Amino acid sequence: MAKRIPDGHIAAHANQARITAPLEPDPRVCRWAPDVVTFAQSLGLYPEGAPTRAFSFSDTYDPVTFTGARVAEARVWELFRQAVQLGLGNSSGRPSN
3 MAKRIPDGHI AAHANQARIT APLEPDPRVC RWAPDVVTFA QSLGLYPEGA PTRAFSFSDT
63 YDPVTFTGAR VAEARVWELF RQAVQLGLGN SSGRPSN
């Protein structure tokens, strides 16, 4: 599953699925394998008959744990710290205009 990152922004994650939002019907914004939900259902990870619009990739395939988040976020923090030093973003946490 993949979501489009807006122009002028960067995104990073380290070994942890992050997309939790329901499936976006616009392929310019969100793409996924046609069987992403039915495959999860066949593995017993997502309830049969549950609404597809409520599907969360991260919660289904790779639920966030404290240890997983802590280890992954330390690496992501370092990437963003270096991006700011290289002038690829700002340190305010708000998008640049």
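Residues in the sequence shown are numbered from 3 upward in steps of one, following our numbering.
For glycine and all other residues, C-beta sits at the position ideal for the given N, C-alpha and C.
Quick caveat, the model's predicted, so the values are computed rather than measured.
### Query
Going by the beta-carbon positions, is the gap between ALA14 and LEU81 smaller than 8 Å?
Their beta carbons are under 8 Å apart, which means ALA14 touches LEU81 by this criterion.
### Task
Let me know if PHE68 comes out buried or exposed under the rule of 16 or more other beta-carbons within 10 Å of its beta-carbon.
PHE68 sits exposed, since fewer than 16 C-beta atoms from the chains shown fall within 10 Å of its C-beta.
### Message
Tell me which residue opens and which closes the alpha helix (DSSP H) that ASP1 is part of.
### Response
The question about residue 1 has no answer here: the residues shown for the chain are numbered 3 through 99.
### Task
Would you check whether the ligand GTP has a heavy atom nearer than 7 Å to the C-beta of VAL38?
Of the ligands one can find in the structure shown there are none, so the ligand GTP has no counterpart to examine.
### Message
Quick check for students: name the residue ranges of the alpha helix (DSSP H) that lie wholly in the stretch 49-93, counting only runs of 4 or more.
### Response
Whole alpha helix (DSSP H) segments, 4+ residues: 59-63 and 68-87.
### Message
Considering only their Cβ atoms, is the gap separating TYR63 from ALA85 smaller than 8 Å?
### Response
Taking 8 Å as the Cβ cut-off, ALA85 and TYR63 do not qualify as a contacting pair.
### Message
Restricting to Cα atoms, I'd like to know which of ILE12, THR22 and ASP9 is closest to ALA56.
### Response
The option with the nearest alpha carbon to ALA56 is THR22.
### Message
Suppose you measure from the CA of ARG33 to the CA of GLU26; what does that come to, to the nearest Å?
### Response
In this structure, the CA atom of ARG33 is about 8 Å from the CA atom of GLU26.
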